[in-house]
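K.L.:
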Amino acid sequence: MDCGIQGGDKVEYLVADAALPLTDKLNILTDAAKYDVACTSSGVERKGNGQGIGNCVAAGICHSFSGDGRCISLLKILLTNECIYDCKYCRNRCSNDIPRATFTPEEICTLTMEFYRRNYIEGLFLSSGIIRNPTFTMELICRTIWLLRNQYHFNGYIHVKAIPGAAPEVIEQAGYLADRMSVNLELPTAEGLRLLAPNKHRKNILTPMRQIQNGIQANQNDLVLYRNAPRFVTGGQSTQMIVGATPESDYHIINVAEGLYQKFGLKRVFYSAFVNVTGDKNLPALPGGPPLLREHRLYQADWLLRFYGFRAEELLDEKRPYFNVMLDPKEDWAVRHLGQFPVEINRAPVNMLLRVPGVGVKSAQRIVAARRSSKLNFNDLKKIGVVLKRAIYFITCNGRMMYPVKLEEDYIVRQLTDEKERIKFGSDGMSYRQLSLFDDSAFERPVSKVEKLRAAVGEI
Amino acid sequence: MIVYRCETSMESIFTAVYRAYEEKRVHEETIISLTEEPLLFAEDIWVEPDERKVCKVINTLNRRFGQDNYLTLCMALASEDADSAQAVYRTIVQGLAGNVSKGHLFDNLADDYVHRAFALARTVNTEIGHQKQFLRFGELENGVLYSRIGPKNDVVVFLMPHFADRLPMENFMIYDDVHNLFGIHPAGRPWYLLRGGETELPIHLSEEEIRYQELFRQFCHTITIEERKNTKLQRNMLPLRFRKYMVEFS
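Set out below in structure tokens:
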């Protein structure tokens, strides 16, 4: 496809830092890009074309993991960190005094190609600070990936940001070159955005999101008619929300996410625990570090929405706006709806199996396949991959529970949360042992002062 | 009790499977063994690979169970465990007897042998996935991309199609130092495997290579968010045994 952008143009905006060595530029612009969460290379299955370089695997491939445990799948860099905006939470805001740098399109292409052929990365994730104006920035991004696709014949994964406020034509051009596009929602509500990102407006963010959604839809219709029609954002679009910078509740965030999945056809919503890098007075101080557990619970709930058939209002409501710290959202839902349990593994429909804590999508499928040929018992479930230590309170096999369990909310919550009081398992998950007089799990508890006194006076 | 003694190769095992059917054995009393461990009151039969029989077995497996399940069986056989042959043999028997339809060979996970073959194939598949993630190429002075890996199972044969599709115009070579096996891909031509050969090749990396290794190391270091540091999670996702082959950890 010719999008009318010539790759070999001299780039006039770069004169100032042309002398900066590549090592320093990579350093500055990686550092500037690292707070962006999305680093997935999934959603596109594309064979190599036998000529250029690269292919795509639907599941995505993570090539390394950094010291914070997050995957390194794509070369995640900014085109430039010379931003004209002044968002309070952002490290690259114009009022912050940090070293600035800008890549030339050729530098980005060479880096991507050389990293890719050494199997370091799965592709490129290109984002950018706003240089001059949104449309100009988007044009630069577009020029870079055009070069990468057409001059360097790169056939791997490309994820680019759609810059809010850029002209729709440029966004469309980028869409035909990239595999995934994303527009960051940044904050769940318009008020939060107004407070912390004065240059961004919710309307500006949602416009390109809607445009990409319509583009994908139209492209799918085209592809039905013409098999070789150019493909538009095949990997779908994603977005990101910062968690913990503004006072929104989990209920609010998960509702926004559900709305985005349903109304905007998003592939993924990412949640980013807020890290205070700027120390602005409008931002909360986080003495305990970023809200990682909250982020984790949101991701768990996100999976429940997308793959397990849950709805946001089932998980939380106005009266209980935050997720339980001790239980994961699925356990939490299950103990509040004990009326629907226990579930008979050999007969229950798959959508009910999916609601059992400890049963994932794969194990539910395997259960359904396996119970066609034989009656399943608890040992078989273990083989299939069900996490029995969570599931046993909610399931029966052939009408029996594994152990006698009281179907009572308090009891089950205690069992699920208290490590020590859990029914003990051997390393293989199944163990039977002789009952003994000292089997009381309270036996290892240290003796309290009162008990010592009572023992001394002969009461115990 | 009949014991077919095979060498550790797919050809040998498939020949044994064919012979078990050809000689009308009772499957419950037949074992395909990869070791030489003697069994009491058992009759040993040593199996020589036979190309014609192997082809027939492969055709039947593909026709009856479909290509995906056949590939899963191959993965189970690539495992280093000594009971892989027996598990695969009995899985095939179970599938042929039970008349399972295409793609449903591994449905009956309650069966011990099916589960064992499934688990072995899953282990090998995970290893293949890991190698696709963590394998690193280094450019030699003559422009050839060279990679050295140390997989637990024999997975090079499963890696080659992936990288040949990805880098069709590159000369590259993957060396498995545990099984002493080379996977070689000449630019623009089909790949092939080479067992044995010279193991202590002198490796001269190009100057560009050292520069890009340094750039990538720096990239991995910079992208870490200090506030979220979690080396335990990193170790879960990227086990230590892979790290000695990876540029960013050396």
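So the protein lines, in turn, are chains A and B. Going by the numbering used here, the first residue of the first sequence is number 123, and it counts up by one from there. Going by the numbering used here, the first residue of the second sequence is number 589, and it counts up by one from there. The beta-carbon is built from N, C-alpha and C at its ideal position, and this holds for glycine as well. Small disclaimer: the values here were computed from a predicted structure and weren't measured.
Inspect the CB distances between the segment 619-627 of chain B and the segment 689-698 of chain B and report whether three or more fall short of 8 Å.
P.N.:
Touching, no.
K.L.:
Should A:ASN468 and A:LYS504 be called a contact, given that it needs their Cβ atoms to be closer than 8 Å?
P.N.:
Result no, Cβ atoms of A:ASN468 and A:LYS504 do not sit closer than 8 Å.
K.L.:
Per DSSP, which residues does A:GLN333 bridge with? Please list them.
P.N.:
Answer is none; A:GLN333 lacks a bridge partner.
K.L.:
Taking DSSP as the reference, what is the three-state secondary structure of A:GLY314?
P.N.:
Correct three-state label for A:GLY314: helix.
K.L.:
Could you tell me which residues DSSP puts in a beta bridge with A:ASP450?
P.N.:
Per DSSP, none; premise fails for A:ASP450.
K.L.:
Does the separation of the CB atoms of B:ASP632 and B:ARG593 fall below 8 Å?
P.N.:
Yes, Cβ-Cβ distance for B:ASP632 and B:ARG593 is below 8 Å.
K.L.:
Taking the C-alpha atoms as reference points, what is the distance between A:ALA319 and A:PHE500?
P.N.:
For A:ALA319 and A:PHE500, the distance between alpha carbons rounds to 54 Å.
K.L.:
Just to confirm, are A:PHE225 and A:LEU201 a CB contact at a threshold of 8 Å?
P.N.:
Yes, they are a contact pair.
K.L.:
Which runs of the alpha helix (DSSP H), 4 residues or longer, sit entirely within the segment 353-436 of chain A?
P.N.:
Fully enclosed alpha helix (DSSP H) runs of 4 or longer: 372-386 and 414-429.
K.L.:
Let me make sure I understand the geometry here. Which of A:ARG458, A:GLU581, A:GLY580 and A:ARG494 has the alpha-carbon closest to that of A:GLU530?
P.N.:
Of A:ARG458, A:GLU581, A:GLY580 and A:ARG494, the residue nearest in Cα terms is A:ARG458.
K.L.:
Establish whether the CB of B:LEU826 and some CB of chain A are separated by less than 8 Å.
P.N.:
Yes, B:LEU826 lies at the interface with chain A (some Cβ there is under 8 Å from its Cβ).
K.L.:
Is there at least one Cβ from chain A nearer than 8 Å to B:TYR734's Cβ?
P.N.:
No, B:TYR734 does not count as interfacial toward chain A.
K.L.:
Going by CA-CA distance only, name the one from B:GLY771, B:GLU636 and B:LYS832 that's closest to B:ILE601.
P.N.:
With distances taken between Cα atoms, B:ILE601 lies closest to B:GLU636.
K.L.:
Nearest-angstrom Cα distance between B:VAL614 and A:ARG493?
P.N.:
Whole-angstrom Cα-Cα distance: 27 Å.
K.L.:
Which residues in chain B sit within 9 Å of A:ARG416, going by Cβ to Cβ distance?
P.N.:
The premise fails here: A:ARG416 is roughly 13 Å from chain B at the closest Cβ pair, so nothing lies under 9 Å.
K.L.:
Taking only the alpha-carbon atoms, compute the straight-line gap between B:PHE830 and A:ARG576 and give it to the nearest angstrom.
P.N.:
Rounded to the nearest angstrom, the two C-alpha atoms are 58 Å apart.
K.L.:
Please state whether the Cβ-Cβ distance between A:THR393 and A:TYR421 is less than 8 Å.
P.N.:
For clarity, residue 393 of chain A is Tyr in the given sequence; the question names Thr instead. Yes, the pair counts as a contact, with Cβ atoms nearer than the cut-off.
K.L.:
Tell me the DSSP secondary structure of A:TYR274 in three-state form.
P.N.:
Coil, per DSSP.
K.L.:
Counting only Cβ-Cβ distances shorter than 8 Å, please list the residues of the segment 184-207 of chain A near chain B, keeping chain order.
P.N.:
Taking 8 Å as the Cβ-Cβ cut-off against chain B, the residues of the segment 184-207 of chain A that qualify are CYS184, HIS185, SER186, PHE187, SER188, GLY189, ASP190, GLY191, ARG192, CYS193, ILE194, LEU197 and LYS198.
K.L.:
Any C-beta of chain A sitting closer than 8 Å to the C-beta of B:GLU617?
P.N.:
Chain A, which has no Cβ nearer than 8 Å to the Cβ of B:GLU617, makes this no.
K.L.:
Who are the near neighbours of A:ILE285 in its chain, counting only those whose CB is closer than 6 Å to its CB and skipping five residues on each side?
P.N.:
Result list for A:ILE285: PRO256, THR259 and MET260, in chain order.
K.L.:
Using DSSP with H/G/I as helix, E/B as strand and the rest coil, what is A:GLY521?
P.N.:
Correct three-state label for A:GLY521: coil.
K.L.:
Along the segment 777-801 of chain B, where does the CB come closer than 7 Å to a CB of chain A? Name the residues.
P.N.:
Listed by position along the chain: TYR800.
K.L.:
Helix, strand or coil for A:THR234 per DSSP?
P.N.:
DSSP places A:THR234 in helix when its eight states are reduced to three.
K.L.:
Select from the segment 717-742 of chain B all residues with a C-beta closer than 9 Å to any C-beta belonging to chain A, and list them in chain order.
P.N.:
Cβ contacts with chain A come from GLY717, LYS720, GLN721, PHE722, LEU723, ARG724, PHE725, GLY726, GLU727, LEU733 and SER735.
K.L.:
On the premise that A:LEU438 lies in contact with A:PHE445, defined as a C-beta separation below 8 Å, what is that separation, rounded to the nearest angstrom?
P.N.:
That belief holds up - the Cβ atoms of A:PHE445 and A:LEU438 are roughly 7 Å apart, short of 8 Å.
K.L.:
Pick helix, strand or coil for B:ASP632, following the three-state DSSP scheme.
P.N.:
Looking at B:ASP632 - three-state DSSP - the assignment turns out to be strand.
K.L.:
Between B:THR711, B:LEU733 and B:ASN768, which lies nearest to B:HIS792 when the distance is taken from Cα to Cα?
P.N.:
Taking only the C-alpha atoms, the option nearest B:HIS792 is B:LEU733.
K.L.:
In the structure shown, what three-state DSSP assignment does B:CYS662 receive?
P.N.:
Correct three-state label for B:CYS662: helix.
K.L.:
By Cβ distance below 7 Å, which residues in the same chain neighbour A:ALA312 in space, the five residues on each side in sequence not counted?
P.N.:
ARG324, listed in sequence order.
K.L.:
Using three-state DSSP, classify B:ARG777 as helix, strand or coil.
P.N.:
If DSSP states are grouped into helix, strand and coil, B:ARG777 belongs with coil.
K.L.:
Tell me the rounded alpha-carbon separation between A:GLU589 and A:VAL481.
P.N.:
This structure does not reach residue 589 of chain A, given that chain A is present from 123 up to 582, and the question cannot be answered.
K.L.:
Would B:HIS773 pass as an interface residue toward chain A - the criterion being a Cβ-Cβ separation below 8 Å?
P.N.:
No, because no Cβ of chain A sits closer than 8 Å to the Cβ of B:HIS773.
K.L.:
Buried or exposed: which applies to B:PHE629, given that a residue is buried once 16 or more other Cβ atoms fall within 10 Å of its Cβ?
P.N.:
That one is exposed.
K.L.:
So, is the C-beta of B:MET663 closer than 8 Å to a C-beta in chain A?
P.N.:
No, B:MET663 does not count as interfacial toward chain A.
K.L.:
If you check the beta carbons only, do A:TYR267 and A:ILE280 fall under 8 Å apart?
P.N.:
A small fix is needed here, since residue 267 of chain A is Ile in this sequence, not Tyr. Yes. Within cutoff.
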